[in-house]
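Asker: Start counting the sequence shown at 0; every next residue gets the next number (my numbering).
For every residue, glycine included, the Cβ atom is placed at its ideal position computed from N, Cα and C.
There's a structure below that I have some questions on.
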Amino acid sequence: MAQNYFSNDHFKLLNKWKGTVYDKTNPEQQRVYEELGQAYDVTKHWAEALQQQLFKDGKTKTVRKPTDQWQKKFTHYNWARIYPAQNAPDGLAYTVGIDAELGFVVKIDLVDIKVNDPALRKKYEQIRGPLTSSPIVAIKSAADGLALDFTALVDWSVESIKNFKLTYDDVADQLGLSAGQDEASLLHHFQGHEDFVERQPLWTSTTTELFGRLARAVNEMGLDWWFTRATNSQLRFGRKEKGVVKGGPVGWLFLRKDGIRVSWSAFAGLDELEPTDLTSELVQIFEAADKDEGSWPAKLGARSGRNGYWPDDYDIEDEPKSDKPPKNVIYYGPPGTGKTFDLQALLVSDYTDAEYGERYEFVTFHQSYGYEEFVEGLRPVIAKRGKKRAADSETASASNGEVRYEITPGAFLRLCDRARKNPSRQYAMVIDEINRGNISKIFGELITLVEVDKRDGAKYPVAVTLPYSAESFSVPSNVDVIGTMNTADRSLALVDTALRRRFEFIESMPKPSVLAGTIVSHNGVDIDIEQLLTMLNKRIEALYDRDHMVGHAYFTRLKDLKEADRFSELKTVFRNKIIPLLEEYFFEDWQKIRLVLGDNQKAKQDHQFVHEIGREEDLLALFGREHELDQYAIRSRYQLNAGALDQPDAYVGIYAPKPAVTAG
């Protein structure tokens, strides 16, 4: 629970521990840090109450940290800032706090980086004069201050400020720190980039103010600002030493004409932030961050004591082009071999980051999918009555308005546009079930452009004119095309030859070994899932082909379940997945299904998943005794035995059948 007011112990702790380097592993120092942190909570409350009484349009800032910023030593004071206006110069503030030697202190003071300006500091000290007789400082001894309650402390502070012989504006003017000059000097640091120069004047005053606050907060944390030439990611912050080619960013600002989007990695106690419009709440969160708390990414180097650099301290950083050659790859294999799972892992590791988010587009091909969805096409749009028709649109009247047709870019075109703006990163066009679509219809003239040596910037670059927009188009060299293909639907031999020539095909087959050691136990019987899958696939390959084997992914969930839950899950997999899959593969040829499941080798009918109904019994039941039909003239009947799903020996019998014992 936070303190309601200061205590004598706070002053004793400030005096005892001042100058001591904080050791986070020391329990006593942890307790001291927390108690002094509670004193900071009172100081924060004090500053906020004072601001509400005197400067309703102002703001406060309190950094709840009992140690100094650089050497991590306990300080002999705590303090909070009060700015009389939102656009007040950041380098000058009213401050309130407690001091081990002076007691309770209210003053106008230089703060942040302005403290480190020797000329400005000297000028300020001339204005301030001696602390005990200063026109802009009020002091009350610790004993007298502790004798007050919180309300009386605030009242004393209000009267003290009113009695200052110089106002905040007087001091700011004498120091040359007027609000306009402060903002202008900050923005001047960012004038070296044409996008900033073009877009910043179009921002609202609120956006500019938020940008300034964030820029200062980053700088005060000792982090650096710099530009890159990449569109839509022009401004970064993190650590970039002078003279190095590339920095280590942890934050990114996307500068737009209508505002700013910001994102950052997790660090200094901040949670990771996806690209989001810059708001006052986000700036407040960042301002409250403590670089000594939470994680500190390795790319930021050690937590150093230097001030942060501004963009005008560097040249603009060039974004190098990706040094990875483009690839066209199709992963193919039977269902359940982990193609999609492996692809998702690849997308996360190689095509996703905090700065740009997901650098891929994902589509699924099917018979109805076409060029219009993949590249570009005309899309009907219902327009309200009275809206002006587009000059190049075809329109038709409708009872509720007009239908006009717009040229809409498809998934591949959108991805290529994104990739072209960010040449230092690889992007991926992911096509699931690529063999289900009509390749010629979907790719059209682009089938040539995806070849590695026909890409933009390659040895033999090729560009085409798109049929709807009439724009010239080529495929960037930092776009990979990745497909998946289920060989149970269509054999590799039947794949479009245009596709076969332009893609590398990587086989993804069942891997029973990933199930090694996966045992399902029930009623004292152990079922070895690796052996079960191995035998199933040997029989399927012998009776059909290797393209229709059963993937290991059907059984991988068993590894993550408790032993008591595994048998129930195995039953579900066989009932809902394996048996229906075999029915589909063998076109309800139940004799082959029995062979795959080893039912023909099982002695007990209870262990057979599929029962064969005797022909003789069928003939007698259907036609009587004088039917004169050969029992082999009619087809056998088969019936699923649901009870076998409950028998652990039925599963063991697939790979280790127990044939009937014959009499000797």
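#1: For the structure I just gave you, are there three or more beta carbon pairs, one from the region 66-83 and one from the region 181-190, closer than 8 Å?
#2: Can the beta-carbon of Ala643 be found closer than 8 Å to that of Phe608?
#3: Locate the beta strand (DSSP E) running through Asn485, then write down its first and last residues.
#4: Per DSSP, what kind of secondary structure is Arg63 in: helix, strand or coil?
#5: Would you tell me roughly how many angstroms separate the C-alpha atoms of Pro332 and Arg501, rounded to the nearest one?
#6: So what does DSSP say about Ser396, is it helix, strand or coil?
#7: In three-state DSSP terms, what is Asp598?
#8: Of the residues Leu277, Val249, Gly258 and Phe253, which one's Cα is nearest the Cα of Ser264?
#9: Near Lys122, what residues of its chain come up, given a Cβ to Cβ distance below 8 Å and the 5 sequence neighbours on each side ignored?
#10: Within this structure, are the beta carbons of Pro334 and Ala487 separated by less than 8 Å?
#11: So Trp263 is in the beta strand (DSSP E); what residue range does that whole segment cover?
#12: Report the three-state DSSP secondary structure of Trp589 (helix, strand or coil).
#13: How many angstroms separate the CA atom of Gly443 from the CA atom of Glu219?
#14: Can you pull the DSSP bridge partners for Phe266?
#15: Compute the Euclidean distance between the alpha carbons of Ser507 and Leu581, then round it to the nearest angstrom.
#16: Which of the three DSSP states, helix, strand or coil, is assigned to Gln638?
#17: DSSP three-state label for Ile135, please.
#18: When the Cα of Gly258 is compared with those of Thr275, Ser520 and Val243, which residue comes out closest?
#19: If you check the beta carbons only, do Ile97 and Thr42 fall under 8 Å apart?
#20: Identify which residue in Gln283, Val196 and Gly246 has its Cα closest to the Cα of Ala297.
#21: Go ahead and label Gly523 buried or exposed: buried means 16 or more other beta carbons lie within 10 angstroms of its beta carbon, across all protein chains shown.
#22: Leaving aside the five residues before and after Phe566 along the sequence, list all residues of the same chain whose C-beta is less than 6 Å from its C-beta, in chain order.
#23: Can you tell me which of the three DSSP states Trp309 falls into?
#24: Identify the continuous alpha helix (DSSP H) that holds Gly211 and give its terminal residues.
#25: For the structure I just gave you, are there three or more beta carbon pairs, one from the region 564-578 and one from the region 363-373, closer than 8 Å?
#26: Within 10 Å of its beta-carbon, does Gln125 have 16 or more other beta-carbons around it, so buried, or fewer, so exposed?
#27: Does the beta-carbon distance from Glu371 to Gly409 come in below 8 Å?
#28: Ignoring anything shorter than 3 residues or poking outside the region 341-385, list the beta strand (DSSP E) runs there in chain order.
#29: Sort Leu299, Ile284, Arg255 and Arg198 by Cα distance to Arg238 and report the nearest one.
#30: Around the C-beta of Tyr350, are 16 or more other C-beta atoms found within 10 angstroms, so that it is buried, or is it exposed?
#31: Would you list the residues sitting across from Pro475 in a DSSP beta bridge?
#32: If you check the beta carbons only, do Ala427 and Asp479 fall under 8 Å apart?
#33: Grab me the residues of Tyr637's own chain with a C-beta within less than 6 Å of its C-beta, minus the 5 sequence neighbours each way, in chain order.
#34: Please classify Met548: does DSSP put it in a helix, a strand, or coil?
#35: Under three-state DSSP, which class holds Tyr93?
#36: Give me the residue from Ala92, Lys17, Tyr553 and Arg499 with the minimum Cα distance to Glu450.
Answerer: Taking the structure as given:
#1: no
#2: yes
#3: Val478 to Asn485
#4: coil
#5: It is worth fixing the name first, because residue 332 is Gly in this sequence and not Pro. Spanning the two alpha carbons is a distance of roughly 19 Å.
#6: Residue placement at Ser396 cannot be trusted, given a pLDDT of 46 that sits under 50; the coordinates are not used to answer.
#7: helix
#8: Val249
#9: Gln173 and Leu174
#10: yes
#11: Gly258 to Trp263
#12: helix
#13: 55 Å
#14: Leu269
#15: 20 Å
#16: strand
#17: coil
#18: Thr275
#19: yes
#20: Gly246
#21: exposed
#22: Val519 and His521
#23: coil
#24: Ser204 to Glu219
#25: no
#26: exposed
#27: yes
#28: 359-363 and 375-382
#29: Leu299
#30: buried
#31: Asp455
#32: yes
#33: Trp589, Val609 and Glu611
#34: coil
#35: strand
#36: Arg499
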